[in-house]
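Asker: I have a structure I would like to understand better, so I am pasting it below and will then ask my questions one at a time.
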Amino acid sequence: PTPCMGQFDEEDLNDRRRIGSVAIDAILRDAGQHVPQGGASAALVRRAAAAAVLPPPEPLSSFGREYSTDPYSCCDAFELARQGDALFFQLGGVAALPGGGFATAEEGEGLVS
Numbered sequence: 007p008t009p010c011m012g013q014f015d016e017e018d019l020n021d022r023r024r025i026g027s028v029a030i031d032a033i034l035r036d037a038g039q040h041v042p043q044g045g046a047s048a049a050l051v052r053r054a055a056a057a058a059v060l061p062p063p064e065p066l067s068s069f070g071r072e073y074s075t076d077p078y079s080c081c082d083a084f085e086l087a088r089q090g091d092a093l094f095f096q097l098g099g100v101a102a103l104p105g106g107g108f109a110t111a112e113e114g115e116g117l118v119s
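Just so you know, our numbering puts 67 at position 61 of the sequence shown, and the rest follows in order with no gaps.
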């Protein structure tokens, strides 16, 4: 028998349970079934690579933090962006500036997710 999986340090003596090679094989086979295969894995790799080259999110003003706090996660848009997620807002009357940014935008009702 082998010491139980989950021990990260060979010096830890807090767990004396043992499992056999058949159990280890079953655990590894089960874990292998939960890994996305083929196209799904490739899509996840592409998304991770694209997210890795994005600039870091910029901190929000106090209004931005208050306005963009998601009622479900209790995170604002900055916190979610740091986790690789996003919030989408409904805006109206949007007028874009030629060099980027917005000249005008009106608040919409609620979040779009």
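Each residue gets a CB set at the ideal place from its N, CA and C atoms; glycine is no exception.
Start and end of the beta strand (DSSP E) containing V59?
Answerer: Neither: V59 is in no beta strand (DSSP E) and is coded neither H nor E.
Asker: What first and last residue would you give for the beta strand (DSSP E) that runs through G98?
Answerer: Its beta strand (DSSP E) spans residues F94 to A102.
Asker: Please list the terminal residues of the continuous alpha helix (DSSP H) segment that includes L86.
Answerer: Element bounds for L86: A83 to R88.
Asker: Could you please give me the residues that DSSP links to F108 through a beta bridge?
Answerer: Bridge partners of F108: A102.
Asker: Find out if the Cβ-Cβ distance for the pair A66, S74 is shorter than 8 Å.
Answerer: With the sequence shown as reference, residue 66 is identified as Leu, and Ala is not the correct amino acid for it. Yes, the pair counts as a contact, with Cβ atoms nearer than the cut-off.
Asker: Ends of the alpha helix (DSSP H) at S74?
Answerer: From DSSP, the alpha helix (DSSP H) with S74 extends over S68 to S74.
Asker: Rounding to the nearest angstrom, what Cα-Cα distance links A111 and G45 in this structure?
Answerer: Approximately 39 Å, taken between the alpha carbons.
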